[in-house]
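Colleague:
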Amino acid sequence: MQTFNDEELLTAFTGAEALINSRPLTCQSTDPKDDTPITPNHFLHGQLGGHFAPETVDNTDFNPRKRWRRIQELTRHFWKRWFREWLPGLNKRDKWTKTRKDMKTDDIVLVMNPNVPRRHWPLDRIIEVFPGKDGHVHVAKVSLGQTVLIRPITKLSVRRRNLRK
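Each step along the sequence shown adds one to the number in my numbering, with nothing skipped, and position 55 is 87.
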C-alpha cells in the first residue's frame, strides 16, 4: 500500500477541492463573447483557480517527478470516484408509484460522460425528447454548440428546468 506524506496528501486534497469547486453554478451562453459560467472557485479565489504548482520543491531523498505522478494518480482516482458515486446522485429516483416530472425541450442538463476531462462540466440544452411506450421520456437529444448528441435520461441531470408550458 502506498503512503503519502502530509504535503502530498494536502496537495491531492487541494486538487480534489479544485475539481469540486470548478462545477458551474450558471449556464454558459452560446455567445463566445460572454463570460465563462460562475463557479465556486470564482468566490473562493476570485478566479477559476484550481491550477497550482509549488514555487520550490524539496528534492532531498525523493524523486519529485514520481511524487507528482503519485499525486496526479490520487487526483485521477478521486475524479473517477466522484464521477461514479456523486454525479449519479444528482438525478432524483422517485419510487415508481410516484409521478415524476419528465425532462422537456429547453431544459438545461449536465451530461454525465466519463470521457470528459477533469474540470469540465458540459451543460447542454435539450432540443428534443423521446417518450417510451409508458409515455415518459427515456431519451433526449441535447445540443452543446454545434454538437448534437442523443443520451438516455440516466446520463443527464437537469440543472435548470424550462418553465414555459
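Glycine residues also receive a C-beta, built at the ideal position from the N, C-alpha and C atoms.
My guess is that residue 170 and residue 149 are in contact by the Cβ rule of under 8 Å, so how many angstroms apart are they, rounded?
Modeller: That belief does not hold up - the Cβ atoms of residue 170 and residue 149 are roughly 28 Å apart, past 8 Å.
Colleague: Give a yes or no on whether the C-beta atoms belonging to residue 139 and residue 194 are separated by under 8 Å.
Modeller: Yes. Within cutoff.
Colleague: Per the contact definition of three or more C-beta pairs closer than 8 Å, is the region 34-49 in contact with the region 98-107?
Modeller: Touching, per the Cβ criterion.
Colleague: Since residue 42 is in the alpha helix (DSSP H), which residue starts that stretch and which ends it?
Modeller: It spans 38-52 - the alpha helix (DSSP H) in which residue 42 sits, taken as one unbroken run.
Colleague: For residue 72, which three-state DSSP category applies?
Modeller: Looking at residue 72 - three-state DSSP - the assignment turns out to be helix.
Colleague: Three-state secondary structure (DSSP) at residue 173?
Modeller: DSSP places residue 173 in strand when its eight states are reduced to three.
Colleague: With 16 as the cutoff for other CB atoms within 10 Å, does residue 158 come out buried or exposed?
Modeller: Buried: at least 16 other Cβ atoms inside 10 Å.
Colleague: Per the DSSP calculation, residue 156 is bridged to which residue(s)?
Modeller: 141, per the DSSP bridge assignment.
Colleague: Indicate whether residue 48 and residue 110 have their beta-carbon atoms separated by less than 8 Å.
Modeller: For residue 48 and residue 110, yes; Cβs fall inside 8 Å.
Colleague: Tell me where the beta strand (DSSP E) around residue 179 begins and ends.
Modeller: Here the beta strand (DSSP E) through residue 179 covers 179-184.
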